[in-house]
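A.B. asks: Numbering that gives the first Met the number 0 applies: residue 0 is where the sequence shown begins, and numbers increase by one. Backbone N, C-alpha and C define an ideal beta-carbon position, used for all residues, glycine too. Sharing a structure below in structure tokens format, with a few things to ask.
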Amino acid sequence: MGRERQELFRESNTKDKERIIVLAFEGNDTEEIYFSALKDCMYFNDELIYLHILKRPKTDTNSAPKHVFAKLKSEAKDKYNFGVQDELWMIIDTDRWKNLREIVNQCKTAGGMYVAISNPCFEIWLLMHVSDFSRFSEEEKLAILKNKKQGNRRHLEKLLVGALGSFNKSNFETDLLLPNIHKAIFQGKVLDSALEEIPGGIGSHVYKVVEKLIIQPTN
């Protein structure tokens, strides 16, 4: 067991845990706020997880998959001396990554590495907690997919403001979202009924990793 892995186990006070799940995402506040709150909420199942920030220039929307993969592997997977039971999940958006198929294939080949893709972006996962997607018209779904900027906000941000009363990507109330986490998972599965590796329409595969991290309902 590598030094970093030993320290992580010691700091977590869960030495009996035999699995590490690393969640890797870009340096945006939204994902870090959400997953940090998830780790502290009553629904968390006490898995040993670590949040890893991917370092990539905001102007870089088309990095070569080999470079992205190698950087992630060296920054996160190798750092924690991954075993066969451990998992590394890339949390990425279709509106920021233009080479998703190659990245998915790289992860599948590596083993223990997975991709949770949101289309168009992570905010759709947040919206799944508080809105009923079955009531959205096809016109609304298309607007979500395009997620155009309207004034100083994009369409998904406006929908979150409407559902939550306010929304700031760098400072939002997770207490209004997490009680509905099972609803979000359910809607994620419904939108992923075709079980695509990359969502072709609106959707978020974040449900796949979140389901591993929470206490499952008994009924």
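1) What do you get for glutamate 138, buried or exposed, if any count of 16 or more other CB atoms within 10 angstroms of its CB means buried?
2) Among Gln186, Phe24 and Tyr113, which has the Cα closest to the Cα of phenylalanine 135?
3) Give the C-beta separation of tryptophan 124 and serine 203 to the nearest angstrom, bearing in mind that I take them to be a contact with Cβ-Cβ under 8 Å.
4) With DSSP collapsed to three states, give me the class of lysine 78.
5) Taking only three categories from DSSP, how would you classify glycine 202?
6) Where lysine 182 and proline 119 are concerned, what is the direct C-alpha to C-alpha distance, given to the nearest angstrom?
7) Quick one: is aspartate 174 buried, meaning 16 or more other Cβ sit within 10 Å of its Cβ, or exposed?
8) CB isoleucine 236 to CB alanine 115, shorter than 8 Å?
9) Pick helix, strand or coil for asparagine 118, following the three-state DSSP scheme.
10) Report the CB separation of phenylalanine 132 from threonine 29 in whole angstroms; it is logged as a contact under 8 Å.
11) Around the C-beta of glutamate 25, are 16 or more other C-beta atoms found within 10 angstroms, so that it is buried, or is it exposed?
12) Among residues of its own chain, excluding the 5 on either side of alanine 36, which ones have a beta-carbon nearer than 6 Å to its beta-carbon?
13) Skipping 5 residues on each side, what residues in its chain have a beta carbon closer than 8 Å to that of asparagine 27?
14) What does the Cβ neighbour count give for asparagine 61, buried or exposed, with the cut at 16 atoms within 10 Å?
15) Pull up the distance between the alpha-carbon of threonine 108 and that of glycine 164, whole angstroms please.
16) Where do the ends of the alpha helix (DSSP H) carrying isoleucine 32 lie?
C.D. replies: According to the structure shown:
1) In the sequence shown, the residue the question calls residue 138 occupies position 139. Exposed: under 16 other Cβ atoms inside 10 Å.
2) The residue labelled residue 135 in the question sits at position 136 within the sequence shown. The residue with the shortest Cα to Cα distance from phenylalanine 135 is Gln186.
3) In the sequence shown, the residue the question calls residue 124 occupies position 125. In the sequence shown, the residue the question calls residue 203 occupies position 204. Between tryptophan 124 and serine 203, the beta carbon gap of about 4 Å places them in contact (Cβ cut-off 8 Å).
4) Looking up residue 78 in the sequence shown gives position 79. When secondary structure is reduced to three states using DSSP, lysine 78 falls in the coil class, being assigned neither helix nor strand.
5) Residue mapping note: residue 202 aligns to position 203 of the sequence shown, counting from 1. Under the three-state reduction of DSSP, glycine 202 is assigned to strand.
6) In the sequence shown, counting from the first residue as 1, residue 182 sits at position 183. In the sequence shown, counting from the first residue as 1, residue 119 sits at position 120. In a straight line, the C-alpha of lysine 182 is about 20 Å away from that of proline 119.
7) Here residue 174 refers to the residue found at position 175 when the sequence shown is read from its first residue. Exposed is the call here.
8) Because residue 236 is not part of the residues shown, which for the chain are 0 to 218, the question remains open.
9) Walking along the sequence shown from the start, residue 118 turns up at place 119. Assignment of asparagine 118 by DSSP, reduced to helix, strand and coil, places it in the strand class.
10) Residue 132 sits at position 133 when you count from the first residue of the sequence shown. Residue 29 sits at position 30 when you count from the first residue of the sequence shown. Going by Cβ atoms, the distance from phenylalanine 132 to threonine 29 rounds to 19 Å, so no, they are not a contact pair.
11) Counting from 1 along the sequence shown, the entry for residue 25 is found at position 26. In the assembly as shown, glutamate 25 is a buried residue. Its beta-carbon has 16 or more other beta-carbons within 10 Å.
12) As a first step, residue 36 is located in the sequence shown; it is residue number 37 there, counting from the start. The beta carbon of alanine 36 is closer than 6 Å to those of Thr173 in its chain, skipping five residues each way along the sequence.
13) Counting from 1 along the sequence shown, the entry for residue 27 is found at position 28. Only Phe121 and Lys168 meet the Cβ criterion.
14) Here residue 61 refers to the residue found at position 62 of the sequence shown. Because the pLDDT of asparagine 61 is 46, which lies under 50, any placement of that residue in the model is unreliable, and the question is left without a value.
15) The residue given as residue 108 occupies position 109 in the sequence shown. The residue given as residue 164 occupies position 165 in the sequence shown. Approximately 44 Å between the Cα atoms of the pair.
16) Locating residue 32 in the sequence shown gives position 33, where the first residue counts as 1. Note, isoleucine 32: alpha helix (DSSP H), 28 to 39.
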